[in-house]
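So in the working numbering, spot 34 of the sequence shown is number 538, and the numbers just go up one at a time. Written out below as structure tokens is the structure these notes cover.
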Amino acid sequence: MKDVKQQLLTGERALFKAHDLRIENSTFGDGESPLKESTNIELVQAIFKWKYPLWYSEKVLVNDTIFEEMARSGIWYTSDIQIMNSTFQAPKSFRKSNQIRLKHVHFSNADETLWNCSGAVP
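Written out as structure tokens, the structure is:
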């Protein structure tokens with residue numbers, strides 16, 4: 505697994521189709537779909553500031569991460585994702601996703617969250 509540490513990642517699809525990455529203490533700034541179609545990703549102490557962070561992704565582990573208000577429509581069409589000790593400030597966080605595991609996750613704006621999802625386990 506490759507490491508990405510203390511980076512500011514910007515622009516459209518900053519890590520498009522990334523695989524086998526551990527992203528730590530990094531911020532995803534402006535730019536949509538930074539991790540679209542990613543596989544086997546670990547996020548630790550990350551911040552997402554813009555739209556569509558994890559679309560069509562698989563095998564994702566998220567810990568101590570913040571999805572800010574503009575990171576709306578954050579996790580769609582994704583399977584096998586585990587999120588722990590994290591905060592969602594954005595609405596529409598999950599849609600058409602499956603195998604979702606959440607532990608110690610705070611939703612400050614849960615409008616339209618977990619629509620058409622299956623296998624969600626708190």
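Glycine residues also receive a C-beta, built at the ideal position from the N, C-alpha and C atoms.
| query | Looking only at C-alpha atoms, which of Glu528, Asp524 and Val609 sits nearest to Gln508? | reply | Sequence index remark: in the sequence shown, residue 508 carries index 4 (1-based). Gln is not the amino acid found at residue 508; the sequence shown has Val there. The shortest Cα separation from Val508 among Glu528, Asp524 and Val609 belongs to Glu528.
| request: Please name the residue, chosen from Leu539, Thr582, Gln510 and Ser583, that lies closest to Trp628 on a Cα-to-Cα basis. | output: Residue 628 cannot be examined here, being either before or after the span of the chain that is shown, 505 to 626.
| message | Can you tell me whether Lys607 is buried or exposed? The criterion is at least 16 other CB atoms within 10 Å of its CB, across all chains shown. | response | Start at 1 with the first residue of the sequence shown, and residue 607 comes out as number 103. Label assigned to Lys607: exposed.
| query | Cα separation between Ser537 and Leu547? | reply | The sequence position of residue 537 within the sequence shown is 33, counting from 1. The sequence position of residue 547 within the sequence shown is 43, counting from 1. Approximately 15 Å, taken between the alpha carbons.
| said: Measuring straight from C-alpha to C-alpha, what distance separates Ser530 and Asn620? | reply: Position 26 of the sequence shown, counting from 1, holds the residue named residue 530. Position 116 of the sequence shown, counting from 1, holds the residue named residue 620. A direct Cα-to-Cα measurement between Ser530 and Asn620 gives close to 30 Å.
| Exposure label - Ser597; buried when at least 16 CB within 10 Å | Numbered from its first residue, the sequence shown carries residue 597 at position 93. Counting Cβ neighbours within 10 Å, Ser597 comes out buried, since at least 16 surround it.
| CA-to-CA distance, Ala614 to Gly578, given in whole angstroms | Locating residue 578 in the sequence shown gives position 74, counting from the first residue. Locating residue 614 in the sequence shown gives position 110, counting from the first residue. Near 12 Å, if we compare the C-alpha coordinates of Ala614 and Gly578.
| query | Between which two residues does the beta strand (DSSP E) harbouring Gly623 extend? | reply | Position 119 of the sequence shown, counted from the first residue, corresponds to residue 623. Start and end: Ser622 to Val625.
| field | Residue from Asp534, Glu541, Asn544 and Thr543 whose Cα sits closest to the Cα of Phe571 | value | Within the sequence shown, residue 571 is the residue found at index 67, counting from 1. Cα-wise, what sits closest to Phe571 is Asp534.
| Quick one: what does DSSP say Met505 is sitting in, helix, strand or coil? | The count along the sequence shown starts at 1 and reaches residue 505 at position 1. Looking at Met505 - three-state DSSP - the assignment turns out to be coil, as it is neither helix nor strand.
| task | Look up Arg576 in the DSSP assignment and say whether it is helix, strand or coil. | result | To locate residue 576, count along the sequence shown from 1; it is residue 72. Correct three-state label for Arg576: coil.
| query | Between Met505, Leu565, Ser612 and Gln511, which lies nearest to Ile604 when the distance is taken from Cα to Cα? | reply | Within the sequence shown, residue 604 is the residue found at index 100, counting from 1. Ranking the options by Cα distance to Ile604, first place goes to Leu565.
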